[in-house]
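J.: Below you will find the structure I want to go over with you.
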Amino acid sequence: MKALVVGGTGFVGMNVVRALVAAGHEVSATRRPHGNTLFARRLGAQLVHVDLDDKDSLTDAMRGRDVVFMCAGHYPRYSLDIDAEVRVARARVRNTLDAARRAGVERYVLTSSVATVGPPARGRRYSGEQDRAEPRSLRSVYHAVKAAIEDEAARACRAGLDVVVLLPTAIFGELDVKAGTGYLIVALGNGAMPFYVEGRTNVIDADDLARAHILAAERGRPGERYIVGGHNLMTSELIEHIADALGVAQSVQRLPARLAGLVATLSEMRAQALDDGRRPLIARELVDVVRFGRWVSTEKAERELGLPKPTPLDSTLDKACHWYARHRYVRPRQGDRHDRVHTTDPDRCRNHHPAYPS
């Protein structure tokens, strides 16, 4: 296929680009004018400048493409103004949908989130695509943004655009330049994890998710949503697995969700007021994702897309920890395996991405 990956310098986008190139497809990927392309330009795709607020630049990038992978869904930095964040999210995804129609794209694959999935109906243990988000979860900015972009995609599909929506769970793997979900690894590895909230979660390997994008382009049914996940577990279990992969002690304090939400909101308010480029102590989004977390079923994606069995959890986490250590997000410890890889690999990047701010 001739594919365009919108958001080709982001975590999901770069993994999708890498999988497409490895499968022999012709790939272009978008980049922002001032975006970090240190890793993206090594993946074998042509990088094109695109502004998500400029429909013409999007249309030009999409012309001649069979499939567009929309991996650049708005990711709110703060949770303090939900309405403003939702407006930005709607406008930008609408621009890409309109551009896809204008360019004559055959299929549009949207990367959304399992955050738009609600609790399972009575009698079922796992949530599925038919379980819509509960209203109280939509008071969370992350959940509201993801619901908004799916709403725009559904409108475009009703208007005749071939749209398939993927709902990934928590993603771990390589190329997470901004340490999104990987915040858990980076914070634990640097002894800077302030607390955790207990709840249900599901983890997917970034490589598995990338392959699922290709399957969605090839086999997905127009207008359908597909949960793409891997392993159902509790947050405390995930932290234990990460600590084991890092070789560090797991001594993080558990906080009730309501108290954690208050701490996260105050931390965001402080970070916004200081405006010094540092992240909040912990993002409200991470608290809300756990608070409204679900154990999910991937039966539909397995049946319709041919989604294979997930990569073993410990293999996924070990791979991710290796990547963060190699690129100095995590402080190396003398003598451990990640330290040895980091200090002896001749192909490591000299001008690596800055370490995650403390």
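This note's numbering numbers the first residue of the sequence shown as 52 and each following residue consecutively. All C-beta atoms in this analysis are idealised placements derived from N, C-alpha and C, irrespective of residue type, glycine included.
Within the chosen definition, does the region 122-131 reach the region 172-183 through at least 3 CB pairs nearer than 8 Å?
T.: Touching, no.
J.: Let me check understanding here. Comparing Cα to Cα, which of L103, T88, L310 lies closest to A96?
T.: The residue labelled residue 96 in the question sits at position 45 within the sequence shown. Per the Cα distances, T88.
J.: What is the C-beta distance between A91 and R83, in whole angstroms, given that I count them as a contact (C-beta under 8 Å)?
T.: As a first step, residue 91 must be located in the sequence shown, where it is residue number 40. As a first step, residue 83 must be located in the sequence shown, where it is residue number 32. Between R83 and A91 the Cβ distance is about 11 Å, and since that is not below 8 Å, they are no contact.
J.: Give the straight-line distance between the Cα atoms of T362 and A352, rounded to the nearest whole angstrom.
T.: Here the question's residue 362 lines up with position 311 in the sequence shown. Here the question's residue 352 lines up with position 301 in the sequence shown. Rounded to whole angstroms, T362 to A352 spans 16 Å at the Cα level.
J.: If I measure Cβ to Cβ from D259 and keep anything under 6 Å in the same chain, skipping five residues before and after, which residues do I get?
T.: Numbered from its first residue, the sequence shown carries residue 259 at position 208. Excluding positions up to five away in sequence, the list reads P361, T362.
J.: With DSSP run on the structure shown, which of helix, strand or coil describes E288?
T.: In the sequence shown, counting from the first residue as 1, residue 288 sits at position 237. In this structure, E288 counts as helix in the three-state DSSP scheme.
J.: If you follow the beta strand (DSSP E) that V118 is part of, which residue opens it and which one closes it?
T.: The sequence position of residue 118 within the sequence shown is 67, counting from 1. 118-121 is the span of the beta strand (DSSP E), which, as asked, contains V118.
J.: L212 and R152: beta carbons closer than 8 Å?
T.: Position 161 of the sequence shown holds residue 212. Position 101 of the sequence shown holds residue 152. Contact: yes.
J.: Work out the CA separation of D134 and L226 for me, nearest whole Å.
T.: By 1-based counting over the sequence shown, the position of residue 226 is 175. By 1-based counting over the sequence shown, the position of residue 134 is 83. Computed Cα separation, rounded: 31 Å.
J.: Taking three-plus beta-carbon pairs below 8 Å as touching, is the region 293-300 in contact with the region 178-192?
T.: Result no; under three Cβ-Cβ pairs closer than 8 Å.
J.: Using the Cα positions of P331 and L131, report the straight-line distance between them to the nearest angstrom.
T.: The residue labelled residue 331 in the question sits at position 280 within the sequence shown. The residue labelled residue 131 in the question sits at position 80 within the sequence shown. Roughly 12 Å separates the two Cα atoms.
J.: Using three-state DSSP, classify F343 as helix, strand or coil.
T.: Residue numbering aside, residue 343 sits at position 292 when the sequence shown is read from its first letter. Three-state DSSP puts F343 in coil, outside helix and strand.
J.: Under the three-state reduction of DSSP, which class applies to Q181: helix, strand or coil?
T.: Within the sequence shown, residue 181 is the residue found at index 130, counting from 1. Three-state DSSP puts Q181 in coil, outside helix and strand.
J.: Determine, using beta carbons only, whether Y159 and V101 come nearer to each other than 8 Å.
T.: Position 108 of the sequence shown holds residue 159. Position 50 of the sequence shown holds residue 101. The answer is no: Cβ separation not under 8 Å.
J.: Judging by CA-CA distance, which residue of A140, L94, L148, L98 is the nearest neighbour of V118?
T.: The count along the sequence shown starts at 1 and reaches residue 118 at position 67. Among A140, L94, L148, L98, the Cα nearest to that of V118 is on L148.
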